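Chemist: First the structure, then my questions, so here it is.
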Amino acid sequence: WGEHLPVEILVRIFQALVAAEGAVPTLCRVARVCRLWYGAASSPALWQRVSVGFCWGGPGEKQAPQTEKRIRTHGGSLGRFSLLRDFALCHWRSQVPFVLQALAESCPLLAALKLSHCSSVSPESLSALAGRCPQLESLNLQNSQVDSAAVVSFLEAAGSRLRQLWLTYSSRMNAVVTALSSGCCPGLHLLEVNTEIKQSSQHLLLSAEQLQAACPQLQVLRLLNVIWSPKPSPRSAPTSLGFPQLEELCLATTSYSFVTDSILQKILQASPRLRVLDLRGCCRVTPKGLQELSCPGEPWGPISGEHWGPRSGRCVGSS
-12 WGEHLPVEIL VRIFQALVAA EGAVPTLCRV ARVCRLWYGA ASSPALWQRV SVGFCWGGPG
48 EKQAPQTEKR IRTHGGSLGR FSLLRDFALC HWRSQVPFVL QALAESCPLL AALKLSHCSS
108 VSPESLSALA GRCPQLESLN LQNSQVDSAA VVSFLEAAGS RLRQLWLTYS SRMNAVVTAL
168 SSGCCPGLHL LEVNTEIKQS SQHLLLSAEQ LQAACPQLQV LRLLNVIWSP KPSPRSAPTS
228 LGFPQLEELC LATTSYSFVT DSILQKILQA SPRLRVLDLR GCCRVTPKGL QELSCPGEPW
288 GPISGEHWGP RSGRCVGSS
């Protein structure tokens, strides 16, 4: 019966499958049934959101020459990605620049890119995306090995339109933090910086006032398991207006925390829209400091789900 259905009907059926199970590997499997199904599965309308893991072996395994050739052969069929808006690449240790270059050449509507546990990300490939994907506004590089110079170049070229940014912090990312603080992403709505769960001695030096001035539209700020050392602002820095749009602040950590009542007040001095506050591990923040927060916006009120004690040393609050 499948050989007699109109292509338009097959595409609608496949759309339901993609919504439930994802484009990959669902469409790859149905494309093997017959030529009609292959043609329907190649419809660009089905390939708007794609997540690709490492399909040709275990993550991190060295690729044989014939495998690399196969990757490049498959990469040439990206015409079906002409409507692609959301792409994720996971656990790739090589061929990442080739994939990113192919995306830049074939996906003008790309809006969100995620590289998870990837390496060998070249500055040229990120620059190509910045120049040829004008709608790209979400970049997730967490847990990937990316040269800081490549990230800085991308932010300088496309930071003005970036709305969401996910990073994993290391000492190599200091240049990226400096670029963010200098105002290269004025329209940023979400910033999440994490580290590995294991204890880390690396300190994130970041001035709250500089970030407030550089990213005034920030709505979500998450510094996860990061030892954040609030850096004093230069005397020449403009007066901070706070985060007037901030709705979520997460400073949760399993390590040491420098966050105190005064620092928390400085961050939230003008955040009437705050709805979620996560301070797990911030043992220097006191109940009195929480009560003095000037966050009058509804539905903010008495902190719910609060846990405080000498052993837990934490407080979690949400509206």
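With the first letter of the sequence shown counted as 1, position 283 gets the number 270 in our numbering; the numbers rise by one all the way through.
Yeah, the Cβ is synthetic: ideal placement off N, Cα and C, and Gly gets one too.
Computed from a predicted model, the values in this text were never measured in an experiment.
For Ser158, which of Ser131, Leu192, Thr240 and Cys172 has the nearest alpha-carbon?
Modeler: Locating residue 158 in the sequence shown gives position 171, counting from the first residue. Nearest of Ser131, Leu192, Thr240 and Cys172 to Ser158, Cα basis: Leu192.
Chemist: Going by DSSP in three states, Val37 sits in which element: helix, strand or coil?
Modeler: Residue 37 sits at position 50 when you count from the first residue of the sequence shown. Correct three-state label for Val37: strand.
Chemist: Run through the DSSP bridge pairs and tell me what Trp79 is partnered with.
Modeler: Locating residue 79 in the sequence shown gives position 92, where the first residue counts as 1. Its beta-bridge partners do not exist; DSSP assigns none.
Chemist: I'd like the span of the beta strand (DSSP E) that includes Pro217, first residue to last.
Modeler: For the purposes of this step, residue 217 is taken as residue 230 along the sequence shown, with counting starting at 1. Ile214 to Pro217 is the span of the beta strand (DSSP E), which, as asked, contains Pro217.
Chemist: Return the chain-ordered list of same chain residues with a C-beta closer than 8 Å to the C-beta of Arg119, the five sequence neighbours on each side being excluded.
Modeler: Numbered from its first residue, the sequence shown carries residue 119 at position 132. Only Ala91, Glu92 and Pro95 meet the Cβ criterion.
Chemist: Who are the near neighbours of Glu150 in its chain, counting only those whose CB is closer than 8 Å to its CB and skipping five residues on each side?
Modeler: By one-based count along the sequence shown, residue 150 stands at place 163. First, the residue type needs correcting, since residue 150 is Arg and not Glu in the sequence shown. Excluding residues within five positions, the ones whose Cβ falls inside 8 Å are Glu124, Ser125, Gly174, Leu175, His176 and Leu177.
Chemist: Identify the residues that DSSP records as bridge partners of Ser125: which are they?
Modeler: For the purposes of this step, residue 125 is taken as residue 138 along the sequence shown, with counting starting at 1. Note: Ser125 sits in a beta bridge opposite Ala99 and Gln151.
Chemist: Mapping DSSP to helix, strand and coil, what is Phe1?
Modeler: Here residue 1 is taken as the residue at index 14 of the sequence shown, counted from 1. Helix at Phe1.
Chemist: Taking the alpha-carbon positions, what's the Asn127 to Val138 distance?
Modeler: Locating residue 127 in the sequence shown gives position 140, counting from the first residue. Locating residue 138 in the sequence shown gives position 151, counting from the first residue. Their backbone Cα atoms lie some 11 Å apart in a straight line.
Chemist: Under the DSSP definition of a beta bridge, which residues are partnered with Asn161?
Modeler: Numbered from its first residue, the sequence shown carries residue 161 at position 174. Bridge partners of Asn161: none, in fact.
Chemist: Can you give the beta carbon distance from Ala117 to Ala144, rounded, assuming they're within the 8 Å contact cut?
Modeler: On the sequence shown, residue 117 is found 130 positions in, with the first residue counted as 1. On the sequence shown, residue 144 is found 157 positions in, with the first residue counted as 1. With 8 Å as the limit, Ala117 and Ala144 qualify as a contact, their Cβ atoms being about 4 Å apart.
Chemist: Got a sec? Which residues, its chain only, sit under 6 Å from Ala99 by beta carbon, not counting five neighbours each side?
Modeler: Within the sequence shown, the letter at position 112 stands for residue 99. Excluding positions up to five away in sequence, the list reads Asp73 and Ser125.
Chemist: Return the first residue and the last residue of the alpha helix (DSSP H) that Asp248 is part of.
Modeler: One-based indexing of the sequence shown puts residue 248 at position 261. That run of the alpha helix (DSSP H) goes Asp248 to Ile254.
Chemist: On a Cα-Cα basis, can you pick out the residue from His78, Ser216 and Val180 that is closest to Cys237?
Modeler: Counting from one through the sequence shown, the residue named residue 237 turns up at place 250. Ranking His78, Ser216 and Val180 by Cα distance to Cys237 puts Val180 first.
Chemist: Check Val86 in the structure and name its three-state DSSP category.
Modeler: Stepping through the sequence shown from its first residue, residue 86 is reached at position 99. If DSSP states are grouped into helix, strand and coil, Val86 belongs with the helices.
Chemist: Starting from Arg16, follow the beta strand (DSSP E) in both directions and report where the run begins and ends.
Modeler: As a working mapping, residue 16 is identified with position 29 in the sequence shown. Segment Thr13 to Val17 is the alpha helix (DSSP H) holding Arg16; no beta strand (DSSP E) there.
Chemist: From what residue to what residue does the beta strand (DSSP E) around Leu192 run?
Modeler: Looking up residue 192 in the sequence shown gives position 205. His190 to Leu193 is the extent of the beta strand (DSSP E) around Leu192.
Chemist: Suppose you measure from the CA of Ser169 to the CA of Cys202; what does that come to, to the nearest Å?
Modeler: In the sequence shown, the residue the question calls residue 169 occupies position 182. In the sequence shown, the residue the question calls residue 202 occupies position 215. Their backbone Cα atoms lie some 9 Å apart in a straight line.
Chemist: Which residues does DSSP pair with Phe74 in a beta bridge?
Modeler: Counted from its first residue, the sequence shown places residue 74 at position 87. According to DSSP, which records beta bridges pairwise, Phe74 is partnered with Val37 and Leu100.
Chemist: According to DSSP, is Leu116 helix, strand or coil?
Modeler: For the purposes of this step, residue 116 is identified with residue 129 of the sequence shown, where counting begins at 1. In the structure shown, Leu116 sits in a helix (DSSP, three-state: H, G or I).
Chemist: Suppose the cutoff is 6 Å on Cβ atoms and the five residues either side in sequence are ignored; what does the same chain contact list for Ser29 look like?
Modeler: Indexing the sequence shown from 1 puts residue 29 at position 42. Arg67, listed in sequence order.
Chemist: According to DSSP, what are the bridge partners of Asn181?
Modeler: Taking the sequence shown and counting its residues from 1, the one referred to as residue 181 is at position 194. Bridge partners of Asn181: Thr155 and Leu211.
Chemist: Beta-carbon separation of Pro31 and Ser69 under 8 Å?
Modeler: Taking the sequence shown and counting its residues from 1, one reaches residue 31 at position 44. Taking the sequence shown and counting its residues from 1, one reaches residue 69 at position 82. Closer than 8 Å, so yes.
Chemist: Going by beta-carbon coordinates alone, are Gln129 and Ser103 separated by less than 8 Å?
Modeler: The residue labelled residue 129 in the question sits at position 142 within the sequence shown. The residue labelled residue 103 in the question sits at position 116 within the sequence shown. Closer than 8 Å, so yes.
Chemist: What's the gap between the Cα of Arg(-1) and the Cα of Cys77?
Modeler: As a first step, residue -1 is located in the sequence shown; it is residue number 12 there, counting from the start. As a first step, residue 77 is located in the sequence shown; it is residue number 90 there, counting from the start. Answer to the nearest angstrom: the Cα atoms are 28 Å apart.
Chemist: Got a sec, what are the start and stop residues for the alpha helix (DSSP H) Leu23 sits in?
Modeler: Locating residue 23 in the sequence shown gives position 36, where the first residue counts as 1. Note, Leu23: alpha helix (DSSP H), Arg22 to Ala28.
Chemist: Counting C-beta neighbours from all protein chains within 10 Å, is the total for Arg267 16 or more, i.e. buried, or is it exposed?
Modeler: Stepping through the sequence shown from its first residue, residue 267 is reached at position 280. With 16 or more Cβ atoms within 10 Å of its Cβ, Arg267 is classed as buried.
Chemist: Do Leu23 and Gln2 come within 8 Å of each other at the CB atom, strictly closer than that value?
Modeler: Looking up residue 2 in the sequence shown gives position 15. Looking up residue 23 in the sequence shown gives position 36. Contact flag unset, no.
Chemist: Taking the alpha carbon of Glu111 as the point to measure from, which residue in Ile250, Val(-6) and Phe85 has its own alpha carbon closest?
Modeler: Working through the sequence shown from its first residue, we reach residue 111 at position 124. Of Ile250, Val(-6) and Phe85, the residue nearest in Cα terms is Phe85.
Chemist: Kindly identify the DSSP beta-bridge partner or partners of Val138.
Modeler: Within the sequence shown, numbered from 1, the residue matching residue 138 stands at position 151. Note: Val138 sits in no beta bridge, so no partner.
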